[in-house]
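**Q** I am attaching a structure below and will ask some questions about it afterwards.
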Amino acid sequence: MRAWDYEKPFFVAPSMESSEWIDSLTEDHAMAIDELGIHLIPPVPQRASEYHAMAQPFTIYSSVRASYELKMKGKYGQV
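Using this note's numbering, you'd call the opening residue of the sequence shown number 7 and step up by one each time.
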């Protein structure tokens with residue numbers, strides 16, 4: 007991650023315990039990666055569980071595609 011070319015898109019889709027997700031340190035980290043231009047796809051809370059699972063593949067795909075389309079729209083005026 008430290009050697010990433012930030013001209014290229016970078017996405018993260020974490021999973022974690024619910025207590026980790028609501029922790030203030032996680033919020034600080036989320037803000038820090040946002041400042042780097044990294045796209046955070048948030049985890050999804052699981053029913054009757056203390057766990058936040060990684061977003062579903064379709065959600066990840068949709069997020070990446072929307073980012074790509076927005077970039078192309080800005081570059082070419084239309085997609």
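Cβ atoms here follow ideal geometry from the backbone N, Cα and C, with glycine treated the same way.
This one's a predicted model, so the numbers in the text were calculated from it and none came from an experiment.
Where do the ends of the alpha helix (DSSP H) carrying residue 38 lie?
**A** Residue numbering aside, residue 38 sits at position 32 when the sequence shown is read from its first letter. Per DSSP, residue 38 belongs to the alpha helix (DSSP H) from 30–41.
**Q** Under 8 Å, with one C-beta from each stretch per pair, do the segment 32–42 and the segment 60–73 reach the 3-pair mark?
**A** no
**Q** Relative to the C-alpha of residue 11, which residue among 75, 44, 51 is closest?
**A** Counted from its first residue, the sequence shown places residue 11 at position 5. Of the listed residues, the one whose Cα sits closest to residue 11 is 44.
**Q** Provide the residue(s) that pair with residue 70 in DSSP beta bridges, ordered along the chain.
**A** By one-based count along the sequence shown, residue 70 stands at place 64. Per DSSP, none; premise fails for residue 70.
**Q** Taking all protein chains shown into account, do 16 or more other C-beta atoms lie within 10 angstroms of the C-beta of residue 72, making it buried, or fewer, making it exposed?
**A** In the sequence shown, counting from the first residue as 1, residue 72 sits at position 66. Per the 10 Å Cβ criterion, exposed.
**Q** In this structure, does DSSP put residue 23 in helix, strand or coil?
**A** Here residue 23 refers to the residue found at position 17 when the sequence shown is read from its first residue. In the structure shown, the three-state DSSP call for residue 23 is strand.
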